[in-house]
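Q: As they're listed, the protein sequences go chains A and B.
With numbering that gives the first Met the number 0 applied, the first sequence has no gaps in its numbers, which climb one by one up to 431 at the end.
With numbering that gives the first Met the number 0 applied, the second sequence has no gaps in its numbers, which climb one by one up to 177 at the end.
Beta carbons are placed, not taken as given, at the ideal position from N, Cα and C, and that holds for glycine.
From a predicted model like this one, the values you see are computed outputs, not experimental measurements.
For reference, the structure I am asking about is given below.
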Amino acid sequence: MATPTDDRIADTTRTVEEMGRDAIGRTEAQVIGTSPIERTALEREEELFTVNMGPHHPATHGVLRLLVSLEGEVVRDLKPVMGYVHTGIEKSCEQKSYWKVIPFVERMDYLSYYFNAEAFCGAVEKLLELEIPPRAKWLRTLHLELNRISSHLVGLGTTALDLGAISMFWYCFRERDTILDLMEMSSGQRMHTRYFQVGGVIEDIPLGFEQKVREFIAEMPERINQYAALLDRNEIFLLRTKGVGIVSRERLLELGVTGPLLRAAGEPWDLRKVAPYLAYGEVEFDIPIGTTGDNYDRYKVRLQEMRESVRIVEQCLDGLPEGPWIADDRKVVLPPRHELGTSMEALIHHFKLVTEGFRVPPGEVYHPIESPRGELGCFVVADGSAKPTRVHMREPSFVNLQALRDMCMDEYVADMICNLAMLDPILGGIDR
Amino acid sequence: MPDAPGLELIAHEINTRHEGSVLGTTYDHEQAALLIGPDSALKVLRYLKEAPGQEYSFLASLHAADYLPRTPRFAVHYELLNMARVERLRVKCLIEDPGEDRLPETDSVTGIFPTAEFHEREVYDFFGIVFRGHPDLRRILMPEDYVGWPQRRDFPVGGDPVIFTNTEDEIPGWTKGS
Numbered sequence: 000m001a002t003p004t005d006d007r008i009a010d011t012t013r014t015v016e017e018m019g020r021d022a023i024g025r026t027e028a029q030v031i032g033t034s035p036i037e038r039t040a041l042e043r044e045e046e047l048f049t050v051n052m053g054p055h056h057p058a059t060h061g062v063l064r065l066l067v068s069l070e071g072e073v074v075r076d077l078k079p080v081m082g083y084v085h086t087g088i089e090k091s092c093e094q095k096s097y098w099k100v101i102p103f104v105e106r107m108d109y110l111s112y113y114f115n116a117e118a119f120c121g122a123v124e125k126l127l128e129l130e131i132p133p134r135a136k137w138l139r140t141l142h143l144e145l146n147r148i149s150s151h152l153v154g155l156g157t158t159a160l161d162l163g164a165i166s167m168f169w170y171c172f173r174e175r176d177t178i179l180d181l182m183e184m185s186s187g188q189r190m191h192t193r194y195f196q197v198g199g200v201i202e203d204i205p206l207g208f209e210q211k212v213r214e215f216i217a218e219m220p221e222r223i224n225q226y227a228a229l230l231d232r233n234e235i236f237l238l239r240t241k242g243v244g245i246v247s248r249e250r251l252l253e254l255g256v257t258g259p260l261l262r263a264a265g266e267p268w269d270l271r272k273v274a275p276y277l278a279y280g281e282v283e284f285d286i287p288i289g290t291t292g293d294n295y296d297r298y299k300v301r302l303q304e305m306r307e308s309v310r311i312v313e314q315c316l317d318g319l320p321e322g323p324w325i326a327d328d329r330k331v332v333l334p335p336r337h338e339l340g341t342s343m344e345a346l347i348h349h350f351k352l353v354t355e356g357f358r359v360p361p362g363e364v365y366h367p368i369e370s371p372r373g374e375l376g377c378f379v380v381a382d383g384s385a386k387p388t389r390v391h392m393r394e395p396s397f398v399n400l401q402a403l404r405d406m407c408m409d410e411y412v413a414d415m416i417c418n419l420a421m422l423d424p425i426l427g428g429i430d431r
Numbered sequence: 000m001p002d003a004p005g006l007e008l009i010a011h012e013i014n015t016r017h018e019g020s021v022l023g024t025t026y027d028h029e030q031a032a033l034l035i036g037p038d039s040a041l042k043v044l045r046y047l048k049e050a051p052g053q054e055y056s057f058l059a060s061l062h063a064a065d066y067l068p069r070t071p072r073f074a075v076h077y078e079l080l081n082m083a084r085v086e087r088l089r090v091k092c093l094i095e096d097p098g099e100d101r102l103p104e105t106d107s108v109t110g111i112f113p114t115a116e117f118h119e120r121e122v123y124d125f126f127g128i129v130f131r132g133h134p135d136l137r138r139i140l141m142p143e144d145y146v147g148w149p150q151r152r153d154f155p156v157g158g159d160p161v162i163f164t165n166t167e168d169e170i171p172g173w174t175k176g177s
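In structure tokens form, the structure reads like this:
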């Protein structure tokens, strides 16, 4: 014997009155017409369906919200909405003396903290016209490149995770952890190290650090080959990345996109090469570029960049000059600790630097460097006091995010996840 | 970077085409800057992007600063870049504070540099500078119902009450209508 429910579905010719209270809550498409399924199939193609993604979706790599207009499975429009982790860092920087700003800016892009510190310290050093000693330059280069590898590892791991390759995530984080151990060894912190100071670095690398780094760079190229072996022959990964998310080189330049995204589209633009800073002019490395600019090229460029970074780290260890690691300018740099017990002058300088901070002559500079995500520029306005008037970070993630719409337009919504992962945005950097 | 004489040449060339648009130049820390007024921003930037010999076709960054108590109070900085020559040029657009509740205004450059869209929204969000002709000028990082321009120098830090369960009744407008 049929249940009452089966009876209703089978007999669609009955009117609403006949069905009585049972009809309430059912849509028109189900009640009127002969086949409910046909009816819905007709309407689907014609209307745009707006879906809200995020802000807490794990595939948005942070707290990013995407308003996506879909036609079936195809993305027809996309608007990113951000600001959910805005903490007013730029405003807070204006209330702090210069040396206290460094830990603030490090927390913007939380995966490439060394780069934020370098952008800010470099800008202040330009304002002070302070030359940093050679050993500090090489030590900074060394740490920047280690940081670049760890940042790309997180990008690669999370991208593969979004495409279902969860083992890649663990492998990448294993190597990243080794780098964090190295950073802990040289600076005492795993993240947000505050290792870079205005004038150099806070202290020399400890005994045994070089040995540990050499062990790491001996192992890393083989690890990168393993990642490539895991992904390059993975049919799912290839199908999901090849030919997906292509944006032309010209359009990327119009949108201000820099970094691996631009290089994957065939533009060999890298600030380390075209306008060398620190020790980049003295080390040998190549700029990997892509051809089509699809997601596969972006992955390949990042992978090769890690290999180049390993090369730079090795050259930094070989070419590391001896000498002081911080400038000898007592008006800017803290005096060595052992002098405080014997020299009154050193004590006064120490006191002034810790209480008031150093003063920076009036002026404004824009200091761009190449971060793992593109051009990271720090704009600092000084008014002659011990606090900056304005600190602005040109965050590459913030600018690159504008390209997401072009990458996702008229492609499947599933590829949007891959595109966003390959864009590698850091919401801490976008929202600041 | 164009050197100091090169900067003067650029300024002179712009002033012969569009008279009085470049108000001055600065050259500090090996960084060249052109000072312009809000009405000539479009003309100058279009010239610097398109004129043969200039071709600063990449807008690296756009940001603002509040120079209170100096006048003009605000400035919008355009960090231009010529990728072929690796030359950077800053265009500093000085904007007066119109006072009272009116907002300072300048022209949007999104038509010339599409990358400026997010940057201009950010400047509007934090400084209250209106960009005429911007396609979608809304707050970008602050909440959309936020009142005030937080990056201005006369905007206080702190002062927003922090709501806890034991104090929520005391904070006006939170649980009760007042």
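Using the Cα positions of Glu-37/A and Val-43/B, report the straight-line distance between them to the nearest angstrom.
A: Model confidence at Glu-37/A stands at a pLDDT of 45, short of 50, so the residue's coordinates are unreliable and nothing is read from them.
Q: Report the neighbours of Val-398/A on chain B: residues whose CB is nearer than 7 Å to its CB, in chain order.
A: Thr-114 and Phe-117
Q: Under 8 Å, Cβ to Cβ, is there at least one residue of chain E near His-62/B?
A: Looking at the structure shown, chain E is missing, and the protein chains on hand are A and B.
Q: Buried or exposed: Tyr-145/B, going by 16 or more other Cβ atoms within 10 Å of its Cβ?
A: The residue is exposed, with fewer than 16 neighbouring Cβ atoms inside 10 Å.
Q: Is the region 148-163 of chain A close to the region 384-400 of chain A, with three or more CB pairs under 8 Å?
A: no
Q: Look at the Cβ atom of Val-243/A, then the Cβ atom of Trp-98/A, and state whether they are nearer than 8 Å.
A: no
Q: Would you mind listing the alpha helix (DSSP H) stretches within the region 310-362 of chain A that are 4+ residues and don't spill past its ends, in chain order?
A: Listed in chain order, they are 343-354.
Q: Taking 7 Å as the line, does the beta carbon of Glu-93/A fall inside it for any heavy atom of the ligand NAD?
A: The model on display carries no ligand, and the ligand NAD is accordingly not part of it.
Q: Could you give the residue range of the alpha helix (DSSP H) that holds Lys-211/A?
A: 208-231
Q: Got a sec: is the Cβ-Cβ distance from Met-343/A to anything in chain B below 8 Å?
A: no
Q: Taking CB distances under 8 Å as the criterion, tell me whether Ala-40/A reaches chain B.
A: Unreliable positioning characterises Ala-40/A in this predicted model, as indicated by a pLDDT of 45, which lies under 50. A coordinate reading is not provided.
Q: Would you report the Cα separation of Ala-413/A and Ala-420/A, rounded to the nearest angstrom?
A: The straight-line gap from Cα to Cα measures roughly 12 Å.
Q: Which residues, taken in chain order from the region 116-135 of chain A, show a beta carbon closer than 9 Å to some beta carbon of chain B?
A: Lys-125, Leu-126 and Glu-128
Q: How would you write the range of the alpha helix (DSSP H) that Leu-126/A sits in, first residue to last?
A: 112-127
Q: Between Leu-8/B and Gln-188/A, what straight-line distance do the alpha-carbon atoms span, to the nearest angstrom?
A: 50 Å
Q: Grouping DSSP H, G and I as helix and E and B as strand, with all else coil, what is Pro-133/A?
A: Under the three-state reduction of DSSP, Pro-133/A is assigned to helix.
Q: For Pro-267/A, would you say it is in contact with chain B, using Cβ-to-Cβ distances shorter than 8 Å as the test?
A: No, Pro-267/A lies away from the interface with chain B (no Cβ there is under 8 Å from its Cβ).
Q: Kindly list the residues whose CB is nearer than 6 Å to the CB of His-62/B, restricted to its own chain and excluding five residues on each side of it in sequence; keep chain order.
A: These residues qualify, in order along the chain: His-76.
Q: By DSSP, does Ser-166/A sit in helix, in strand, or in coil?
A: helix
Q: Is the beta carbon of Lys-351/A sitting closer than 8 Å to the one on Lys-95/A?
A: no
Q: At the 8 Å Cβ level, is His-391/A part of the contact set with chain B, yes or no?
A: yes
Q: Could you run through the region 35-62 of chain B and flag, in chain order, every residue whose CB is less than 9 Å away from some CB of chain A?
A: Ser-56, Phe-57, Leu-58, Ala-59, Ser-60, Leu-61 and His-62
Q: Quick check: the Cα distance between Pro-113/B and Tyr-194/A, rounded to an integer number of angstroms?
A: 37 Å
Q: Which residues, taken in chain order from the region 73-93 of chain B, show a beta carbon closer than 8 Å to some beta carbon of chain A?
A: His-76, Glu-78, Met-82, Val-85, Arg-87 and Arg-89
Q: Taking Cβ positions only, does Val-146/B come closer than 8 Å to chain A?
A: no
Q: Quick check on Phe-378/A - is its C-beta less than 8 Å from some C-beta in chain B?
A: Interface criterion met: the Cβ of Phe-378/A is under 8 Å from a Cβ in chain B.
Q: Since Arg-89/B sits in a beta bridge, which residues does DSSP pair it with?
A: Ala-32/B and Glu-78/B
Q: Ile-9/B versus chain A: which residues are under 8 Å apart at the beta carbon?
A: Near Ile-9/B there are no residues of chain A at all, since even the closest Cβ is about 18 Å away, more than 8 Å.
Q: By the DSSP assignment, the alpha helix (DSSP H) with Thr-15/B in it spans what residues?
A: 3-16
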